[in-house]
Amino acid sequence: MDTQYFSCPEGRLVIGADETGICLLRFGTAPDGAQMRTTPLLRRAAAQLDEYFSGRRKQFELPLSLHGTAFQLACWNALCDIPYGETRSYAQQAAAVGNPRACRAVGMANHVNPVMILVPCHRVIGANGQLTGYAGGLAFKRFLLDLEASHRE
C-alpha cells in the first residue's frame with residue numbers, strides 16, 4: 008500500500024491506495040509496512056479532499072478498494088447513496104440494506120468503514136437526531152455535517 012498524509016482543518020489524515028484504488032482514509036499514522044510514497048491517485052485524492060473541505064466538491068470521483076464482509080460492503084454502498092448535506096438514521100440505513108432490524112450491525116459496519124469521508128458514514132445519526140459514534144470523533148462528525156450544511160445548494 009502506498010500512503011501519504013493530508014492536512015485537513017481538524018488534523019492530519021492518512022490516505023492509502025493499493026493497486027485497485029483508495030483503501031484507507033483515517034486519522035492517525037500509516038499502517039505497518041505501508042510505503043510513504045505519493046502516487047498520481049493519492050495526489051488526485053488529496054486534491055479532491057481539498058475541494059471537499061473548501062465546499063467545492065460534493066461527490067468524490069475516485070476508485071475505491073474496499074474489503075469487508077458482504078454485509079459491510081452493502082452498508083458502505085448504502086452510505087454512498089446519502090446525498091451531500093443530508094443525514095439518515097441507522098434504522099433508515101438498515102432498511103436500505105434490506106434488514107430493518109440490523110441497526111446495531113449497521114453501526115458496527117460504519118465504525119469499520121476504511122475510508123471515512125469518501126464513504127460518508129458521518130451522515131448517519133441517531134433516530135432522535137443526536138450524533139452518535141464516529142471513528143474520527145464526534146467533534147469531527149459535527150464539523151463535517153456543518154461543512155456540508157453550509158455548502159448545500
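Position 43 (the sequence shown) corresponds to 50 in the numbering used here; numbering is contiguous.
The beta-carbon is built from N, C-alpha and C at its ideal position, and this holds for glycine as well.
Original post:
For residue 102, which three-state DSSP category applies?
Top reply: As a first step, residue 102 must be located in the sequence shown, where it is residue number 95. DSSP places residue 102 in helix when its eight states are reduced to three.
Original post:
With 16 as the cutoff for other CB atoms within 10 Å, does residue 118 come out buried or exposed?
Top reply: In the sequence shown, counting from the first residue as 1, residue 118 sits at position 111. Flag for residue 118 reads exposed.
**OP:** Pick out whichever of 158, 121 and 49 has its Cα sitting closest to the Cα of residue 24.
**Re:** Residue mapping note: residue 24 aligns to position 17 of the sequence shown, counting from 1. When only C-alpha atoms are compared, the closest one is 49.
Original post:
Using 8 Å as the Cβ pair cut-off and three pairs as the minimum, do the stretch 51-68 and the stretch 103-116 touch?
Top reply: no
**OP:** Could you name each continuous alpha helix (DSSP H) segment of 4 residues or more that falls completely within the stretch 42-119, going from the start of the chain to the end?
**Re:** 47-60, 77-87, 97-103 and 110-118
Original post:
Are at least three pairs of beta-carbons, each pair with one atom in the stretch 132-149 and one in the stretch 37-53, less than 8 Å apart?
Top reply: no
Subject >> Identity of the residues DSSP links to residue 122 by a beta bridge >> reply: Your numbering for residue 122 matches position 115 in the sequence shown. Answer is 32, bridged to residue 122.
Subject >> Backbone secondary structure at residue 39 - three-state DSSP >> reply: Sequence index remark: in the sequence shown, residue 39 carries index 32 (1-based). Residue 39 falls in the coil class under three-state DSSP.
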